[in-house]
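Everything below concerns the one structure shown next.
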Amino acid sequence: MSLDPLTEGASAHLPVPRSLDRVLATSWFRGHEVRPEAMIFSPEGLPGPGHTGRETLDTQGSLIIRNVTTLDAGSYMVVLETSRGRRSATEQIPIKGNFTPPPLPPWQGGRDRVLSPQGPRGPILNPSSVPNIPELRRATSFFLALDSCQQLWSQLILARLTLVSAVSRFGRIA
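According to the working numbering, the sequence shown is numbered sequentially starting from 5.
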């Protein structure tokens, strides 16, 4: 079973799957494997190493996580000890993050434009007009290098076409 996406700060309720057998105990784990370090609650209902302090069990053994964050997104496994043996089920918690992009610093490029229309093939990237944001500077450098590679490749193709044309017109080149 998978829940609808939750928003950060909400509570998640992961129910114990219905069982025709009598449930004797439940254990909850983060992830889809039974690993001691991922145990949230033991079969005795005691907090395990994966317990953050925001998890509780209700009277039916369902897991409730208060104040979820994007770090809580993912798989949770419940292991049921029943009158007929052990069985397990996996639940998913999808969480919509509240992403707020960081504010951009004030524009200091004046009237200069990041793109100037003076190139023969269209706009040219003007690196001196790019705001001083490290990621943006790296992206600008990458695209300038890519543009240089494309120009070099175009020159190589043009030279090859010229050579092929000359060979076809005059025969062998000495």
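A virtual CB, placed ideally from N, CA and C, is assigned to each residue, including glycine.
Short Cβ contact (9 Å threshold) for residue i with residue j
i: isoleucine 68; j: leucine 18; result: yes
i: serine 92; j: valine 20; result: no
i: proline 40; j: proline 53; result: yes
Residue i (DSSP reduced to helix, strand or coil)
i: glutamine 96; result: strand
i: serine 31; result: strand
i: glutamate 41; result: helix
i: alanine 16; result: strand
i: proline 47; result: coil
i: glycine 114; result: Note on glycine 114: pLDDT 48, under 50, position unreliable in the model; the coordinate value appears next. Note: glycine 114 maps to coil in three-state DSSP.
Residue from the options whose Cα sits closest to the Cα of residue i
i: glycine 13; options: Pro47, Leu160, Thr94, Val72; result: Val72
i: methionine 81; options: Pro98, Gly35, Arg70; result: Gly35
i: glutamate 95; options: Gly78, Ala163, Thr74; result: Gly78
i: glutamate 85; options: Asp76, Pro47, Leu61, Thr60; result: Pro47
i: alanine 42; options: Arg70, Asp76, Ala16; result: Asp76
i: serine 15; options: Ser23, Phe33, Ile44, Arg58; result: Arg58
i: isoleucine 99; options: Leu156, Arg70, Phe33, Ser87; result: Arg70
i: serine 87; options: Ser23, Gln155, Thr74, Gln154; result: Ser23
i: aspartate 8; options: Thr56, Ile97, Phe33; result: Ile97
i: glycine 49; options: Gln155, Ile161, Val83; result: Val83
Residue i Cβ short of 8 Å to the ligand HEM heavy atom set
i: threonine 74; result: Within the structure as shown, the ligand HEM is missing, as the structure has no ligands at all.
Are three or more beta carbon pairs between the stretch 18 to 38 and the stretch 56 to 68 nearer than 8 Å?
yes
If you scan the stretch 50 to 100 from start to end, which runs of the alpha helix (DSSP H) of 4 or more residues do you find wholly inside it?
none
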